[in-house]
Amino acid sequence: MGYLHLSITELHELLKKGEVTPLDLVKEAIDKMKADNNNAFEYIMEKEALEQASLLTKCEEDNPLWGIPFGIKDNYSTKDVPTCGSSDILKGYVPIFSSEVYQRLINKHAIPVAKTTLDELAMGGSGTTGHLGKTYNPWDKSHKHQVGGSSCGSAAMVSAGIVPFSIGSDTGDSVRKPASYNALVGFKPSWGRISRFGLFPFATSLDHVAYFTRNVEDSAILLNVLAGRDDKDSSSSFKEVEDYTLNLNKDVKGKKLAVIKEIVDSIDNKDIINAFNSSVEKLRASGVIIDYVHMDLSLLKAIYPAYIVISCAEATSNNANLDGIKFGQREDGDTYQEVIMKTRTNGFSELIRRRFIIGSYSLLKENQNELFLRAQKARRLIVNATNDILKEYDGIYCPASPSVAPLFVGSSDKLSNEYLIADNYLAIGNFAGLPSITIPLGFSEKLPFGVNLTCKAFEESNTFNLASKIEEVIGIKNIIAKEGE
Amino acid sequence: MPFEAVIGLEIHVEMKTKSKMFSSGPVSFGDLPNTKINPVDMAFPGTMPVVNKQAVINAIRVSHALNMTIDHELWFDRKNYFYSDLPKGYQITQQFRPIGSLGYLDIKTAEGLKRIRVERLHMEEDTCKQLHSWDCSLLDYNRAGIPLIEIVSMPDMRNGEEAMKYVEKIRSIVTFLDVSDGKMEEGSLRCDVNISIREAGSDKFGTKVEIKNLNSIANIQKAIDFEMKRQEQVILSGGVVTQETRRFDEASKETVLMRVKTDSVDYKYFTDPNLPPIRLSDEFVDEAIRTSPELADSKYKRYESLGLSEYDINQLLQDCGISSYFDEALKSGASPKLLANWVIVDVQAILNKEDISIKEFKISPLHLGELVKIIEEGKVSNKQAREIFTEMLKIDESPNELMKKMGTSMISDEEAIKAMVNEVIDANPQSVIDYKNGKDRAVGFLVGQIMKKSQGKVNPALTNKLVVEELKRR
Amino acid sequence: MKKVNKDVLKEAANKLMFDMSDEQYDTLLEEFDIITKQMVLISEIPGVDDAEPMTFPFDVSTTFLREDVPVEPLPREEALKNAKDVVDGQVRLPKVVG
Chain A
1 MGYLHLSITE
11 LHELLKKGEV
21 TPLDLVKEAI
31 DKMKADNNNA
41 FEYIMEKEAL
51 EQASLLTKCE
61 EDNPLWGIPF
71 GIKDNYSTKD
81 VPTCGSSDIL
91 KGYVPIFSSE
101 VYQRLINKHA
111 IPVAKTTLDE
121 LAMGGSGTTG
131 HLGKTYNPWD
141 KSHKHQVGGS
151 SCGSAAMVSA
161 GIVPFSIGSD
171 TGDSVRKPAS
181 YNALVGFKPS
191 WGRISRFGLF
201 PFATSLDHVA
211 YFTRNVEDSA
221 ILLNVLAGRD
231 DKDSSSSFKE
241 VEDYTLNLNK
251 DVKGKKLAVI
261 KEIVDSIDNK
271 DIINAFNSSV
281 EKLRASGVII
291 DYVHMDLSLL
301 KAIYPAYIVI
311 SCAEATSNNA
321 NLDGIKFGQR
331 EDGDTYQEVI
341 MKTRTNGFSE
351 LIRRRFIIGS
361 YSLLKENQNE
371 LFLRAQKARR
381 LIVNATNDIL
391 KEYDGIYCPA
401 SPSVAPLFVG
411 SSDKLSNEYL
421 IADNYLAIGN
431 FAGLPSITIP
441 LGFSEKLPFG
451 VNLTCKAFEE
461 SNTFNLASKI
471 EEVIGIKNII
481 AKEGE
Chain B
1 MPFEAVIGLE
11 IHVEMKTKSK
21 MFSSGPVSFG
31 DLPNTKINPV
41 DMAFPGTMPV
51 VNKQAVINAI
61 RVSHALNMTI
71 DHELWFDRKN
81 YFYSDLPKGY
91 QITQQFRPIG
101 SLGYLDIKTA
111 EGLKRIRVER
121 LHMEEDTCKQ
131 LHSWDCSLLD
141 YNRAGIPLIE
151 IVSMPDMRNG
161 EEAMKYVEKI
171 RSIVTFLDVS
181 DGKMEEGSLR
191 CDVNISIREA
201 GSDKFGTKVE
211 IKNLNSIANI
221 QKAIDFEMKR
231 QEQVILSGGV
241 VTQETRRFDE
251 ASKETVLMRV
261 KTDSVDYKYF
271 TDPNLPPIRL
281 SDEFVDEAIR
291 TSPELADSKY
301 KRYESLGLSE
311 YDINQLLQDC
321 GISSYFDEAL
331 KSGASPKLLA
341 NWVIVDVQAI
351 LNKEDISIKE
361 FKISPLHLGE
371 LVKIIEEGKV
381 SNKQAREIFT
391 EMLKIDESPN
401 ELMKKMGTSM
411 ISDEEAIKAM
421 VNEVIDANPQ
431 SVIDYKNGKD
441 RAVGFLVGQI
451 MKKSQGKVNP
461 ALTNKLVVEE
471 LKRR
Chain C
1 MKKVNKDVLK
11 EAANKLMFDM
21 SDEQYDTLLE
31 EFDIITKQMV
41 LISEIPGVDD
51 AEPMTFPFDV
61 STTFLREDVP
71 VEPLPREEAL
81 KNAKDVVDGQ
91 VRLPKVVG
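Protein chains in written order, with the numbering used here: chain A, 1 to 485; chain B, 1 to 474; chain C, 1 to 98.
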């Protein structure tokens with residue numbers, strides 16, 4: 001069955017021993033991608049990857065990413081490799097520069113093998129709105145269940161065992177939610193910890209570089225490479241970078257976790273609740289102090305609308321550069337207005353256009369106070385409430401999703417009227433820019449679900465320390481979809 | 001009933017920094033289209049803005065020169081609108097917290113000093129340049145992202161002259177601070193006029209009309225004078241002034257309607273989430289001010305103390321380059337008065353003749369200073385100095401050297417002159433008699449003869465003295 | 001706040017330089033109904049309107065300013081290679097008026 005079901009660390013050992021070469025791995029990845037039927041790829045970098053792999057002969061023993069294939073979401077700028085954000089408006093766009101994340105991985109001789117699908121321009125959570133259509137969940141061969149989004153292709157690729165890690169982006173929960181639906185570890189660090197230069201912006205104040213792995217250690221290894229100041233991104237932090245693998249599996253006795261009662265109470269899936277409760281017991285048994293705390297219901301209910309208003313407002317401005325003039329698709333017209341008008345009307349899906357109007361409307365002078373600014377005020381209250389909890393606790397511990405991957409049928413990308421608290425709360429991590437990680441928790445009708453840990457800003461080390469313990473007590477790691485059947 | 005105008009100005013100044021406002025793309029003018037671009041300037045997806053330090057220093061210096069309060073925390077906002085020349089679909093500006101606020105500028109008017117209040121100064125970025133041909137428009141992104149300062153005045157001006165003086169003063173400030181070349185003709189300084197009229201003395205405001213594309217300071221005055229009359233006539237003929245945008249037409253010297261303003265555009269301003277607030281330490285701001293180049297006003301005082309006439313000073317301060325050249329030349333120790341005269345008359349004459357700027361002028365300031373010094377020391381006559389000057393225009397050499405080379409130094413050696421004096425007097429016995437009979441012009445005649453004999457190389461004062469002595473002796 | 005109706009939304013869409021079909025505007029109207037209701041609930045959160053609007057997740061203020069040093073500009077062909085209509089080194093558009 002090849003090697004790519006293995007973790008980064010396992011593969012690194014084999015590469016060191018010379019039992020496998022980067023070229024073997026890339027060939028395996030390409031074969032698997034061609035055989036894959038989950039619609040996870042915007043572009044398979046066959047030529048580029050084979051070329052790069054063939055250049056890698058001498059294994060760098062102290063570089064765990066050497067020769068490791070990976071996938072990257074198609075909203076990261078990749079020099080000379082087509083990048084369209086799964087949107088028609090950027091069809092045929094070939095970037096002339098590379099995103100910082102992509103460049104850092106290449107500098108470490110990791111090998112990009114695919115640009116992966118996403119909800120169009122990352123504005124969605126179902127993995128259904130990209131211009132190539134639905135991306136499927138490898139755990140459900142019947143293709144009835146969503147894979148989750150917006151980083152759908154990156155999630156599918158790792159859980160299908162094609163690569164040990166892939167890069168996504170997380171603005172509301174776009175990595176941490178699909179991780180839950182795919183038995184993956186999904187991690188986003190503090191806002192500013194990883195440079196976003198070259199990431200197509202959706203909602204700048206909420207956007208994070210994030211990624212999927214199949215275990216916590218691999219996640220920490222990646223942060224070692226990706227974290228750090230970048231002068232090209234003004235929001236990039238100057239905070240010192242640590243070795244995030246140092247605290248893995250360290251003793252957690254006396255660490256304090258808070259479970260937000262209102263979130264857990266809003267979940268009715270028994271399997272999830274049981275698995276969660278037993279994980280709480282096991283953690284307590286290993287010395288972690290876990291308390292159930294309260295968060296004002298009105299604040300929790302404010303997360304979704306505040307998120308919609310803020311993200312759509314920023315998105316409508318962030319995507320105003322897509323006018324067909326300088327790059328991407330361009331329709332003909334007799335006036336420049338007609339050119340832009342036609343290009344944007346045909347280039348964006350209906351959903352995107354609806355979101356843009358909501359955002360733009362919230363920014364109108366006469367609406368700002370009631371919409372955009374009020375949403376930003378609600379954001380402050382939500383963040384304050386969260387940080388109040390984190391003053392007392394090392395982290396917030398809750399199920400990552402209220403259910404397993406939803407069915408395509410009956411799910412819609414329209415704004416919904418029900419307050420699915422547990423379905424939207426992960427955005428807290430984006431509102432407050434906190435390190436947040438989803439870890440596999442269990443299965444319900446053969447479909448996976450995960451648990452989430454969110455910690456204090458720039459306490460990534462502590463996050464991985466606790467996450468590695470959580471992973472250990474739950475005991476689900478390094479698995480790929482086919483085993484779930 | 002007499003009318004008065006209420007005039008406010010919005011001035012955009014294009015900075016001459018080395019790189020752009022938010023990108024490391026080079027700033028330069030008059031290059032091949034689209035050869036001075038950084039990915040940020042064309043708004044490629046994923047590019048991000050990073051603030052240029054020098055642009056901030058410039059903004060601080062100009063704010064200080066305009067007596068403004070300087071915000072020690074920089075915030076940037078997005079101005080959202082679609083236009084063919086706007087790559088991002090929004091412009092990064094400082095809507096909510098301009099770096100400079102509430103200052104003033106004193107201008108000299110016929111009635112003396114007048115204080116014009118300045119409402120705000122903020123940094124923003126330029127758009128790309130559009131070249132319109134008969135059937136299409138061509139876009140050049142070299143200009144996209146070049147740093148701009150926008151200076152918004154209060155509606156404190158009452159006529160075209162005041163507006164012109166105000167713009168001249170702003171222009172002088174930004175050029176002397178080396179922030180911009182401030183050329184209206186080339187668009188590095190752009191001025192929009194907001195003007196309404198009302199009964200003199202009234203405190204009500206009339207309907208505002210905006211005048212655009214004024215490409216020279218003179219045109220500002222012309223446009224305003226015309227517009228005042230136009231609005232007067234509209235009102236006197238029982239009409240109402242409509243809120244509209246007009247442009248100044250060079251040929252007819254009239255303002256013509258561009259578009260009637262409907263309800264003002266909603267730019268959906270919001271804080272740019274790409275640019276976290278930047279704290280400016282007191283040290284940073286003070287340093288920017290302390291090291292800022294000398295303004296015309298302070299140079300004026302300095303020149304006064306050097307004893308220069310108001311006329312000379314104004315001549316020197318007309319162009320920041322000229323005054324810097326003068327300041328450099330002063331270091332030679334030459335007398336300011338004479339030096340100023342050479343700069344204003346002789347140097348300026350060459351600049352006009354060859355139609356070049358002082359930067360392209362061949363003679364280095366120190367050499368010019370040296371030349372003026374040897375004149376003062378009597379080593380050369382003015383006539384000779386001009387010969388040397390002409391030579392220096394060909395090769396910028398030390399005038400002392402040239403003087404030797406050309407052998408054009410004055411004879412101040414008494415013996416040599418005495419010899420000539422005797423020769424000439426011997427040759428003109430009549431002049432001795434004339435002198436004895438009290439006809440002093442004999443002296444002038446003799447000196448003239450000696451001058452001719454020496455081809456103007458003898459020191460006139462000395463020669464005169466020796467002639468008189470010799471005549472007395474005979 | 002501006003009253004939401006089809007015309008208002010159509011105007012908003014056109015200001016954003018695109019259009020939608022009538023059905024799509026209907027869907028959008030439903031969404032506006034939902035979002036505005038939810039925003040009203042937010043307005044009822046105690047103290048919400050006294051809070052400072054939050055743009056950045058935490059205090060991110062910096063002192064960093066980029067040195068004014070230009071870098072090598074893009075080769076012209078590189079800069080323009082993604083533009084669909086290029087004429088002698090410039091991006092062409094239908095004549096822009098007004």
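We put the beta carbon where it would ideally sit given N, CA and C, even for glycine. Values in this document were obtained by computation on a predicted structure and should not be read as measured data.
When DSSP labels each residue in this structure, what does residue i get in the three-state scheme?
i        : result
C:Lys81  : coil
B:Gln384 : helix
A:Thr117 : coil
A:Cys59  : coil
A:Phe238 : coil
B:Gly321 : helix
B:Gly201 : coil
A:His109 : coil
A:Gly186 : strand
A:Glu483 : Note that A:Glu483 has pLDDT 47, beneath the 50 cutoff, so the model's placement of it is unreliable and the number below is only indicative. Note: A:Glu483 maps to helix in three-state DSSP.
A:Lys469 : helix
By the criterion of Cβ-Cβ separation under 7 Å, what are the contact partners of residue i in chain E?
i       : result
C:Asp22 : Annotation note: the requested chain E is absent from the structure, which comprises protein chains A, B and C.
In terms of residues, what are the limits of the beta strand (DSSP E) holding residue i?
i        : result
B:Arg247 : 244 to 249
A:Tyr211 : 209 to 213
B:Asp77  : 77 to 80
B:Asn213 : 209 to 214
A:Ile437 : 436 to 444
C:Gln90  : 90 to 94
Compare the beta carbon distance of residue i and residue j with 9 Å and say whether it is the shorter of the two.
i        : j        : result
A:Leu322 : A:Phe202 : no
A:Gly153 : A:Thr129 : no
B:Thr255 : B:Glu232 : no
B:Ser396 : B:His367 : Inspection of the sequence shows that residue 396 of chain B is occupied by Asp rather than by Ser. Closer than 9 Å, so yes.
B:Asp140 : B:Pro33  : yes
B:Phe44  : A:Phe431 : no
B:Ile11  : B:Glu162 : no
B:Ile450 : B:Ile417 : yes
Quick one, which of the options has its alpha-carbon nearest residue i's?
i        : options                                : result
A:Ala400 : A:Ile263, A:Thr135, A:Gly254, A:Ile389 : A:Ile263
A:Phe464 : A:Asp268, A:Ile476, A:Cys84, A:Lys250  : A:Lys250
A:Lys326 : B:Leu257, B:Cys128, B:Met21            : B:Cys128
B:Lys169 : B:Ile417, B:Asp319, B:Glu387           : B:Asp319
A:Leu248 : A:Ile476, A:Pro305, A:Lys469           : A:Lys469
A:Phe200 : A:Ala320, A:Val26, A:Lys17             : A:Ala320
If you follow the alpha helix (DSSP H) that residue i is part of, which residue opens it and which one closes it?
i        : result
B:Met258 : It is not in any alpha helix (DSSP H) - B:Met258 instead sits in the beta strand (DSSP E) that spans 254 to 260.
B:Tyr269 : From DSSP, B:Tyr269 is part of no alpha helix (DSSP H); its letter is neither H nor E.
Below 8 Å, can you find three or more Cβ-Cβ pairs linking the region 301 to 313 of chain A to the region 355 to 364 of chain A?
yes
Between the region 408 to 424 of chain A and the region 275 to 282 of chain A, can you find at least three pairs of beta-carbon atoms closer than 8 Å?
no
Spell out a yes or no on whether the region 210 to 221 of chain A and the region 232 to 242 of chain A are touching, meaning 3 or more CB-CB pairs, one atom from each, closer than 8 Å.
no
Taking one C-beta from the region 383 to 400 of chain A and one from the region 59 to 76 of chain C each time, how about it: are there three or more such pairs within less than 8 Å?
no
Hey, is the region 21 to 39 of chain A in contact with the region 130 to 145 of chain A, meaning 3+ C-beta pairs nearer than 8 Å?
yes
Is it the case that the region 413 to 424 of chain B contacts the region 387 to 401 of chain B, given that we only count it when at least three CB pairs across the two stretches are under 8 Å?
no
The region 303 to 322 of chain B in contact with the region 338 to 345 of chain B per 3-pair CB rule at 8 Å:
yes
Is it the case that the region 240 to 252 of chain B contacts the region 24 to 40 of chain B, given that we only count it when at least three CB pairs across the two stretches are under 8 Å?
no
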